[in-house]
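Going down the list, the protein sequences come from chains A and B. So the number in our numbering is just where the residue sits in the first sequence, counting from 1, plus 1. So the number in our numbering is just where the residue sits in the second sequence, counting from 1, plus 1.
2 protein chains.
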Amino acid sequence: MSFRSNKFRLGIVGYGNLGRATVNLLLQKSEHWRTSDGIDLALTCVLDVNGGFYNADGLNCEALAAHGRASLDSFNGFDAKFNFKEMIDERLVDIIAEYTPTNKETGEPGLSHIRYALQNGIHVTTSNKGPILVAWPELSLLARNKGLMLGVGCTTGGALPSVIAGRDAMAGADTSIIEGVLNGTTNYILSRMESGLDYIEALKEAQAAGIAETDPGMDVDGWDSAVKLVILAKVVMNGNIDLKDVPVKGISGLSIKEMETELKAGRRIKLIGRAWREGGVVRASVAPESVDKTHPFYSVSAKDKCVRYVSDTLGDLFVSGGASGPIPAAASAMRDVLLAWRTGIIV
Amino acid sequence: MSFRSNKFRLGIVGYGNLGRATVNLLLQKSEHWRTSDGIDLALTCVLDVNGGFYNADGLNCEALAAHGRASLDSFNGFDAKFNFKEMIDERLVDIIAEYTPTNKETGEPGLSHIRYALQNGIHVTTSNKGPILVAWPELSLLARNKGLMLGVGCTTGGALPSVIAGRDAMAGADTSIIEGVLNGTTNYILSRMESGLDYIEALKEAQAAGIAETDPGMDVDGWDSAVKLVILAKVVMNGNIDLKDVPVKGISGLSIKEMETELKAGRRIKLIGRAWREGGVVRASVAPESVDKTHPFYSVSAKDKCVRYVSDTLGDLFVSGGASGPIPAAASAMRDVLLAWRTGIIV
């Protein structure tokens, strides 16, 4: 233990809301992590599609935070030629936070980034669902063989510790069912519909509040839930399942009348994703379902998310909460780094 | 990785319900753990107050399970002179499951067992709350300095992953509040009182069903909750807090009329333990409290337990479930072994 380094260089790849939140989180927490956890994380690289910058002594996070949403190419030291390959080849980082946008068909560009980083001995934490959806067996095996971290907790609900609950809290048990309310936006819209808004009104309100995207399809059509569910089924149940195998039904077809009928009967409609073992294989589906007051999902309101695991020897486990937004999401990506540090995977 | 052993010898210390359940769990799961987790756990020692037995090739778990609750000294190979010190000094085990009864004042005999095992390079998983309550800072530091496992998840709710949720799922965040329904027996009695039984009737029913002890004081007077809470406050919040600092109120003073009044108002009474930071120190209390339908504890019924953490950067986390009984408790003690194996602490 005495020869173990505690200094690690972090590179952010993809500088949107989550990248900026990570800079703010480092400002808020890195001194605390140094004193209480003993890990010294320095942000040395930031990369976006047009280039980025590097400083071996650590970038100035205060200046970066103050730079805000302004274009990165106006930040001091920006180099349009600086790129991912150079960052890895020159060993300018020990850990990357892969935050590029999700492409659920190809996994790119995140897939190439993660693969290349792991091949070169660099630890990875990621928010990018695409590469995990497309290539989990390959990437997890690569990380394991190299003794590297591949942190995916941020891909399946951010601060909600769905992977930790399913993988660590169920260690040694056999998980036969995963079910969850995995998408906060649809849960918010459903809650508002219970208050009397119709689907379109509730969606518009959610969009105005910044909860739903301008293009809400991934959320309201159930695909975001399905992607998270498939990742959990792979990571937790070792399921050989693809997104195309999952019947997915969203919430856009729900009427205010259906909501009212269920409410009057003491039930609520939730968009539920479920994976289960059936004859040696893992199956999954996503659809709106009605739950009564005795069901743990009944009281999961507004933007909250939850997940439930059913196991043989450790019983059922229900987990809800985890704040929404960029800072909690960044905190979940860094949580995997801290866990890997504590358990000696990052050395 | 290639030089890492995957064979570990387990010794059970204290052979009551939990020890027997561990034997049954090993029968059910050790082959699965070998093939899916890659760890080969062999039970080589069993010790109880009167002696025990040892087999370097692994004890016959089937014969032990068949032996049931019969006195150990009638089991083949029993040696009244075999003792804890010999087991450790002769290095007959790599891991002990310390299952002796809790003494919350002295921590003994578990405290001496755990200290001696760790000093001699032996990993520990334990159900014994006493040593953790009395000597957590000393024992955790000793384990850390020696690079050893000290698994305490079984002490704070068994299968309910309260330590994993508070320590791992909140890694990197600052937890300011822990609260929970930490005792299943009292929660069951309160549920039955809501059905119209008075306290004495509900207690007798719980005793007849084997849910409450013949001497129910530890449970109904709130001490079991307080002990678990103090352990969580130490392990999760690094709190310098002793059991004697905690005001504890149990459920025996509750009347059926109070329960009815709360139920009619849409509330339920739960025995809640809470720890929080106040002016740089951690404080805690245990008392019955009334919660309304919006509170996550409202729907935690019957024998279930739950815990909730409030953090800065990862938001709130609510965890409930985890089956009750000896097998789930044994599974929680072995969960810490499997996690330590996966993360390379057990090598």
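Positions of the beta carbon are idealized from the N, C-alpha and C atoms, including for glycine.
Taken through DSSP and simplified to helix, strand or coil, H68 (chain A) comes out as helix. Taking 8 Å as the CB threshold, W224 (chain B) stays off the interface with chain A. Not one beta carbon of chain B lies nearer than 8 Å to the beta carbon of P217 (chain A). Non-local beta-carbon contacts of Q208 (chain A) in its own chain, meaning distances under 8 Å to residues more than five positions away in sequence, involve E214, T215 and P217 in chain order. In the three-state reduction of the DSSP assignment, D169 (chain B) falls in the helix class, which pools H, G and I. Look at V320 (chain A) here: in three-state DSSP terms it is strand.
Residue-level contact check: M335 (chain B) touches chain A, since one or more beta carbons of chain A fall below 8 Å from its beta carbon. Interface with chain B (8 Å Cβ-Cβ cutoff): W34 (chain A) is included. By the Cβ neighbour-count rule, I96 (chain A) is buried, with 16 or more other Cβ atoms within 10 Å of its own. In this structure the region 168-188 of chain A touches the region 313-321 of chain A; the number of beta carbon pairs closer than 8 Å is three or more.
Taken in chain order, the complete beta strand (DSSP E) segments of 3 residues or longer contained in the region 120-201 of chain A are 124-127 and 176-182. No Cβ of chain A is located within less than 8 Å of the beta carbon of L27 (chain B).
V236 (chain A) and I190 (chain A) have their C-alpha atoms spaced approximately 29 Å apart. In the three-state reduction of the DSSP assignment, Y117 (chain B) falls in the helix class, which pools H, G and I.
For N129 (chain A), the number of other beta carbons within 10 angstroms of its own is at least 16, and it is reported as buried. By the C-beta density criterion, P329 (chain B) is buried, having at least 16 other C-beta atoms within 10 angstroms.
Sequence-distant partners of K8 (chain B) (beyond 5 residues in either direction) whose C-beta falls short of 6 Å from its own C-beta, in its chain, are D41. For a Cβ distance threshold of 9 Å, residue set P297, D317, L318, F319, V320 and S321 of chain B lies close to S321 (chain A), ordered along the chain. Contact check for T156 (chain B) and T187 (chain B): beta-carbon distance about 18 Å, past the 8 Å limit, so the pair fails to qualify. Within chain B, the C-beta atoms nearer than 8 Å to that of K30 (chain A) come from G173 and T314, in chain order. Sequence-distant Cβ neighbours of G274 (chain B) in its own chain, meaning closer than 6 Å and more than five residues away, are G181, L183, S226, L230 and V287. Between D293 (chain B) and chain A, the shortest Cβ-Cβ separation is not below 8 Å.
What L340 (chain B) touches in chain A, judged by beta-carbon distance under 7 Å, is D169 and A172, going in chain order. Taking C-alpha positions only, E290 (chain A) is separated from A324 (chain B) by approximately 26 Å. Boundaries of the alpha helix (DSSP H) harbouring S31 (chain B): N18 to H33, taken from the DSSP string. In this structure, the CA atom of Y200 (chain B) is about 19 Å from the CA atom of V301 (chain B). In the structure shown, R336 (chain B) adopts helical secondary structure according to DSSP, grouped into three states.
Here T344 (chain B) carries a coil assignment [DSSP, helix/strand/coil]. Within the DSSP bridge table, the entry for I13 (chain B) names B:V47 and B:A98 as partners. Inter-segment contact for the region 99-112 of chain A and the region 70-84 of chain A is absent: fewer than three beta-carbon pairs are separated by less than 8 Å. Burial state of H124 (chain B) is buried, judged by a 10 Å Cβ sphere holding 16 or more other Cβ atoms.
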